[in-house]
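Numbering (UniProt numbering), first residue to last: 1 to 120. Here is the structure we will look at, set down as structure tokens.
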């Protein structure tokens, strides 16, 4: 019962009409080069030189700030695809976004996501 009430309180807080409260922490990765030009789940084509991301639940068009927790560098990206499809990962970034936060060499990094602008 207490767990259900806490879950409801969390949901209501996120929907309160103020700034988005959505944050998420976990492992981030970036798209392999073989995906260049392929259609994403939103219908757009993936381009490595754009600031985009894949997330499993956030609406397409949502802008999120992704912070590499090792380098403390951040980048804003637009959600245009679904994924990542690798277990334990919360976001896939375009190569340009991954380069901006310093994770191209490692491939995977601990990241924090925060919604900057909700898709309306």
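We treat Cβ as the ideally placed atom computed from N, Cα and C, and that holds for glycine.
Buried/exposed call for residue i, threshold 16 Cβ in 10 Å
i: residue 32; result: exposed
i: residue 29; result: buried
i: residue 73; result: exposed
i: residue 105; result: exposed
i: residue 40; result: buried
i: residue 17; result: With a pLDDT of only 48 at residue 17, under 50, the local geometry of the prediction cannot be trusted, and the value read off the model is given with reservation. Flag for residue 17 reads exposed.
i: residue 84; result: buried
Cβ neighbours of residue i in the same chain (closer than 8 Å, five flanking residues each side left out)
i: residue 96; result: 48, 49, 50, 51
i: residue 122; result: No answer is possible for residue 122: it lies beyond the span of the chain, which begins at 1 and ends at 120.
i: residue 38; result: 45, 46
i: residue 25; result: 69, 90, 110, 111, 112, 113
Contact set for residue i: own chain, Cβ-Cβ below 6 Å, skip 5 residues either direction
i: residue 53; result: 77, 79, 91, 93
i: residue 61; result: 119
i: residue 44; result: 80
i: residue 55; result: 79, 91
i: residue 103; result: 68, 109
i: residue 114; result: 23, 65
i: residue 117; result: 63
i: residue 58; result: 79
Same chain, Cβ closer than 7 Å to residue i, neighbours up to 5 away in sequence not counted
i: residue 1; result: For residue 1, the predicted model reports a pLDDT of 43, less than 50, meaning its position is unreliable and no value from the coordinates is stated.
i: residue 75; result: 51, 66, 97, 100, 101
i: residue 70; result: 109, 110
i: residue 82; result: 41, 54, 56
i: residue 35; result: 46
i: residue 86; result: 29
According to DSSP, residues forming a beta bridge with residue i
i: residue 63; result: 78, 117
i: residue 25; result: 112
i: residue 46; result: Answer is none; residue 46 lacks a bridge partner.
i: residue 92; result: 29, 54
i: residue 39; result: 45
8 Å Cβ cutoff, residue i in contact with chain B
i: residue 72; result: Annotation note: the requested chain B is absent from the structure, which comprises a single protein chain.
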